[in-house]
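Okay, so here's the structure we're looking at.
Next up, the structure:
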C-alpha cells in the first residue's frame with residue numbers, strides 16, 4: 037500500500053530542516069504537504085504565504101507558489117491573492133505572534149470576511165525565534181524571557197477568536213497526533229470560507245526551558261495531559277476546563293464566503 041509523503045511539494049536536498057530538535061513545525065509542515073497530496077493539489081495552483089518568525093522559514097522548502105511577507109501581514113497578502121484569483125488554493129502559515137499578536141487585526145478581518153483560505157497557526161506560546169519573549173497566547177501562569185517573574189496578561193484563545201469573528205471552520209490539534217493533524221488539515225482545506233487550524237506545539241528551546249520542561253518529551257507529556265477531545269472537554273465543569281484545552285473540530289458551518297458574496301453584488305451591479 038502506498039502512502040502520501042508530500043515530497044512532490046518539497047525542494048530537493050533541503051532536509052534536514054532548520055528548526056530546533058523537538059519543535060512541532062516540521063511535523064506540522066509534513067502533515068500539511070501530505071494533505072495536499074491526498075487532495076490532489078497541483079504545485080502550480082497552490083500558494084503558501086508565510087510571515088516572520090520560526091514558521092516564516094517554511095516557504096524556503098516548498099515547490100508550490102510561495103510568498104514570504106512581513107511580520108503580522110501574511111493574512112493580508114493571502115486575502116489579496118484569493119480576492120484577485122479565487123481559483124488558487126491559498127494557505128497562510130503563521131506563528132502565534134505573527135497571527136494574533138502582531139497580526140491580530142488582519143486575523144479578525146480575514147475571519148470576518150470569511151475569505152476562502154486556510155490559516156495554519158503554529159502556537160508555541162511565545163516568540164520562539166527572537167528569544168522566547170511573551171506573546172499574546174502565553175498562558176497567564178507561564179514564564180518567558182520578558183516575564184521571568186510571571187505574566188500579568190491574559191492569553192488569547194485563537195480558536196474562540198476565529199469563531200467569534202466568523203470563520204466557517206475552526207479546529208485545534210497537537211503535533212504528536214500526526215494522523216489526526218493531517219485529517220484536520222484536509223477538512224480545513226476542503227471547507228469553503230475561512231478555515232483555521234491551530235497547532236499547539238512544543239518550543240523546547242525557550243518555552244519549555246523557562247517552564248521546567250527542559251526536554252521535548254516533558255513538553256509533549258504536558259500537552260497530552262491537557263489536550264482533550266472536544267466532546268470530553270465540553271462535559272467538564274467550567275472550573276476544570278482551566279487546565280485543559282479541546283482538540284478536534286470546534287466549528288463547522290456553511291456561511292457564504294467572501295467571493296460568493298462579492299459575485300452576488302457584482303451581478304447586481306451589472307443589472308443596475
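In our numbering, the protein residues as written are 37 to 308.
Every residue gets a Cβ at the ideal spot worked out from N, C-alpha and C, and that includes glycine.
All of these numbers come straight from a predicted model, not from anything done at the bench.
Asked                                                                                                                                                   : Found
Inspect the beta-carbon positions of residue 107 and residue 138 and report whether they are closer than 7 Å.                                           : yes
Going by other Cβ atoms of all chains shown within 10 Å of its Cβ, with 16 needed for buried, is residue 300 buried or exposed?                         : exposed
Per DSSP, residue 131 forms a beta bridge with which residues?                                                                                          : 158
For residue 210 and residue 235, which I take to be in contact (beta-carbon distance under 8 Å), what is that distance rounded to the nearest angstrom? : 7 Å
In angstroms, rounded to a whole number, what distance separates the CA positions of residue 124 and residue 82?                                        : 6 Å
For a test of the three-state rule: what should DSSP assign to residue 318, helix, strand or coil?                                                      : Because residue 318 is not part of the residues shown, which for the chain are 37 to 308, the question remains open.
Residue range of the alpha helix (DSSP H) that residue 190 falls in?                                                                                    : Per DSSP, residue 190 belongs to no alpha helix (DSSP H) and is neither H nor E.
With the cut-off set at 7 Å, would you say residue 207 and residue 220 are in Cβ contact?                                                               : yes
Going straight from the alpha carbon of residue 255 to that of residue 132, what length do you get?                                                     : 18 Å
Please determine, among 296, 304 and 308, the residue with the shortest C-alpha to C-alpha distance to residue 121.                                     : 296
Would you decide whether residue 126 is buried or exposed? Buried here means 16 or more other CB atoms lie within 10 Å of its CB.                       : buried
Out of curiosity, what's the CA-to-CA distance linking residue 135 and residue 203?                                                                     : 15 Å
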